[in-house]
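In full-length UniProt numbering, the protein residues as written are 1 to 136.
In this text, a Cβ means the ideal position worked out from N, Cα and C, and glycines have one as well.
1. Nearest CA to the CA of residue 28: which residue from 13, 50, 9, 35?
2. Just tell me which of 12, 54, 30, 13 has its CA closest to the CA of residue 77.
3. Quick check on the DSSP output: the beta strand (DSSP E) that includes residue 57 runs from which residue to which?
4. May I ask you to verify whether the region 67-77 touches the region 89-101, counting CB pairs closer than 8 Å and requiring at least 3?
5. Taking the straight line between their C-alpha atoms, what separation do you get for residue 18 and residue 39?
6. In the DSSP assignment, find the beta strand (DSSP E) that holds residue 140 and state where it starts and stops.
7. Going straight from the alpha carbon of residue 2 to that of residue 33, what length do you get?
8. Would you kindly check if the distance between the Cβ of residue 31 and the Cβ of residue 88 is under 8 Å?
9. Do you know offhand how far residue 45's Cα is from residue 10's?
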């Protein structure tokens with residue numbers, strides 16, 4: 001291969017990488033997570049970094065004890081973070097493919113929490129002490 005051919009191939013690869021980075025950046029700006037408490041008392045939205053951007057509390061949230069409401073807010077925000085993290089992982093997989101860089105991203109994602117593993121039952125009376133969250 002001649003030096004000119006090698007340089008032309010390298011410039012094509014570089015242009016492709018730049019194009020991929022621009023597309024990934026545009027997609028990353030659209031990432032956000034959303035989650036809703038099972039009975040809808042709390043709704044949370046987070047941005048690409050996982051930072052809480054918006055929180056909605058319904059009138060039903062007022063009936064909850066402060067500690068229960070606080071726990072529900074935190075659980076809902078974490079579920080929204082996991083939703084955003086899933087989108088982020090998809091974008092990074094498309095951009096870098098299976099690689100050490102992707103493994104690094106995955107290693108810093110919020111962990112899925114299994115509510116049921118930490119409590120004996122999930123009956124109606126237990127809800128207010130151990131509310132769960134669904135992702136929206």
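Working from what's here:
1. 50
2. 54
3. 52-57
4. no
5. 45 Å
6. This structure cannot speak to residue 140, because the chain is shown only from 1 to 136.
7. 50 Å
8. yes
9. 42 Å
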